[in-house]
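Numbering-wise (UniProt numbering), the sequence shown opens with residue 1 and increments by one.
The next block holds one structure in the form of structure tokens; read it before the comments.
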Amino acid sequence: MAAMEFIDTPSPNYDDRLLPISAIVLHYTGMEDGQAALDRLCDPVAKVSSHYLVMEDGTIHRLVAEEKRAWHAGRSHWRGLTDLNSVSVGIEIANPGHEFNYTPYPDAQIDAVVRLVAEIKNRWEITRGNVVGHSDIAPDRKRDPGELFPWGKLARLRLALPRPTKNLLDPGWSEAGFLLALERFGYDVTSPMAAIMAFQRRFRPELIDGEIDAECRMILLALLLPKPQGDD
1 MAAMEFIDTP SPNYDDRLLP ISAIVLHYTG MEDGQAALDR LCDPVAKVSS HYLVMEDGTI
61 HRLVAEEKRA WHAGRSHWRG LTDLNSVSVG IEIANPGHEF NYTPYPDAQI DAVVRLVAEI
121 KNRWEITRGN VVGHSDIAPD RKRDPGELFP WGKLARLRLA LPRPTKNLLD PGWSEAGFLL
181 ALERFGYDVT SPMAAIMAFQ RRFRPELIDG EIDAECRMIL LALLLPKPQG DD
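What follows is the structure, given as structure tokens:
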């Protein structure tokens with residue numbers, strides 16, 4: 001396979017990492033178009049950035065070197081980590097988001113995202129369980145990359161955790177029990193409704209209602225069960 005091609009578009013918005021790289025965070029830009037997002041990510045006044053920006057046509061801009069700490073995650077939490085900027089590579093995907101007529105991601109764009117995630121995951125030996133969306137790490141603030149993002153395609157290529165399909169018995173957890181299990185899986189449950197909806201957005205996107213039902217309990221139980229291959 002040919003080497004990936006990037007347009008180097010340096011952003012001044014970065015500093016030094018404080019921790020080793022162990023995660024990938026996927027975002028949508030939530031702006032009218034890719035050029036507007038590119039301008040903002042490179043604007044020193046905005047004080048935001050990512051390592052990569054994938055445009056609608058699959059073109060990839062490289063904004064910050066992976067060895068440096070880009071400013072994309074903000075206040076966040078995942079599996080006990082709170083400085084997600086230090087531990088993650090951030091990928092922004094040009095999409096108007098929920099604020100500007102959220103639309104499906106074009107095939108060319110997703111193909112580029114898949115190749116990029118695969119390269120980064122292999123380079124830094126990142127586990128599938130640490131390939132996450134912005135909404136996973138900041139459920140009370142963010143909804144991206146959103147319910148239209150094709151996590152299933154990444155999962156089929158072992159680039160992200162799949163939605164479980166095992167037929168398990170409903171564990172019958174109470175709300176408190178479900179939230180405890182959700183926290184154990186990795187989510188910040190300080191805002192319970194936001195955490196539940198973020199979980200649904202990722203693993204049951206066809207119904208995001210914040211209700212803990214039997215299907216949600218069974219999906220979460222399956223995600224927590226030991227797997228022979230782990231979540232690598």
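Note that CB positions come from ideal geometry on N, CA and C, so glycine has one too.
Checklist line | Distance, A73 Cα to F149 Cα | finding: The residue you call residue 149 lines up with position 149 of the sequence shown. The residue you call residue 73 lines up with position 73 of the sequence shown. Whole-angstrom Cα-Cα distance: 18 Å.
Note to self: Suppose the cutoff is 7 Å on Cβ atoms and the five residues either side in sequence are ignored; what does the same chain contact list for I137 look like?
What the structure shows: The residue given as residue 137 occupies position 137 in the sequence shown. Correct list, in chain order: V25, A73, S76, H77, W78 and L84.
Next item on the list: Would you check if the stretch 98-109 and the stretch 209-217 touch, i.e. whether three or more CB-CB distances between them fall below 8 Å?
Entry: no
Note to self: With a threshold of 7 Å on Cβ separation, who are the neighbours of R115 within its own chain once the five nearest residues in sequence on each side are excluded?
What the structure shows: Here residue 115 refers to the residue found at position 115 of the sequence shown. M4.
Checklist line | Closest by C-alpha distance to K47, when choosing among D16, P20, P12 and D57 | finding: For this step, residue 47 is matched to residue 47 along the sequence shown. The residue with the shortest Cα to Cα distance from K47 is P12.
Check: Leaving out the 5 sequence neighbours to the left and right, which residues in its chain are closer than 7 Å to L224 when beta-carbon positions are compared?
Finding: As a working note, residue 224 is residue 224 in the sequence shown. Here the set comprises A181, R184 and F185.
Next item on the list: Could you spell out where the alpha helix (DSSP H) holding L116 opens and where it closes?
Entry: Counting from one through the sequence shown, the residue named residue 116 turns up at place 116. Start and end: D107 to W124.
Next item on the list: Would you check if there are 3 or more beta carbon pairs closer than 8 Å linking the stretch 159-167 to the stretch 40-57?
Entry: no
Margin query: Can you give me the C-alpha to C-alpha distance between I7 and L221, rounded to a whole angstrom?
Written below: To locate residue 7, count along the sequence shown from 1; it is residue 7. To locate residue 221, count along the sequence shown from 1; it is residue 221. Cα to Cα, the separation comes out at about 42 Å.
Note to self: Could you tell me the alpha carbon to alpha carbon distance between D209 and I126, rounded to whole angstroms?
What the structure shows: Locating residue 209 in the sequence shown gives position 209, counting from the first residue. Locating residue 126 in the sequence shown gives position 126, counting from the first residue. If you take the alpha carbons of D209 and I126, they lie about 31 Å apart.
Check: What is the rounded straight-line gap between the Cα of V64 and the Cα of D43?
Finding: Translated into positions along the sequence shown, residue 64 becomes position 64. Translated into positions along the sequence shown, residue 43 becomes position 43. Near 13 Å, if we compare the C-alpha coordinates of D43 and V64.
Next item on the list: Can you tell me which of the three DSSP states E67 falls into?
Entry: Position 67 of the sequence shown, counted from the first residue, corresponds to residue 67. Of the three classes helix, strand and coil, the one that applies to E67 here is coil, per DSSP.
Check: Where does the unbroken alpha helix (DSSP H) through S135 begin, and where does it stop?
Finding: Locating residue 135 in the sequence shown gives position 135, counting from the first residue. That run of the alpha helix (DSSP H) goes H134 to I137.
Item checked: R128 vs A160 beta-carbon contact at 8 Å -> Position 128 of the sequence shown, counted from the start, is the residue given in the question as residue 128. Position 160 of the sequence shown, counted from the start, is the residue given in the question as residue 160. Yes; because the gap between Cβ atoms is below 8 Å, this pair is in contact.
Next item on the list: Report the residue from P192, I196, R141 and D111 whose alpha carbon sits nearest the alpha carbon of I60.
Entry: Stepping through the sequence shown from its first residue, residue 60 is reached at position 60. Looking at the Cα atoms, D111 is the closest of the given residues.
Next item on the list: Could you tell me which of S191, L179 and V113 sits nearest to E157, measuring between CA atoms?
Entry: Counting from 1 along the sequence shown, the entry for residue 157 is found at position 157. The question names Glu, but residue 157 in the sequence shown is Leu. If we check each option's Cα against that of L157, V113 comes out closest.
Item checked: Cβ separation of Y14 and K68, assumed to be a contact under 8 Å, to the nearest whole Å -> Walking along the sequence shown from the start, residue 14 turns up at place 14. Walking along the sequence shown from the start, residue 68 turns up at place 68. Their Cβ separation, rounded to whole angstroms, is 4 Å, which keeps Y14 and K68 in contact under 8 Å.
Margin query: I'd like to know whether the C-beta atoms of M31 and R40 end up nearer to each other than 8 Å.
Written below: Numbered from 1 along the sequence shown, position 31 holds the residue referred to as residue 31. Numbered from 1 along the sequence shown, position 40 holds the residue referred to as residue 40. For M31 and R40, yes; Cβs fall inside 8 Å.
Check: Roughly how many angstroms lie between the CA atoms of T9 and Q35, to the nearest whole one?
Finding: As a working mapping, residue 9 is identified with position 9 in the sequence shown. As a working mapping, residue 35 is identified with position 35 in the sequence shown. One C-alpha to the other measures close to 12 Å.
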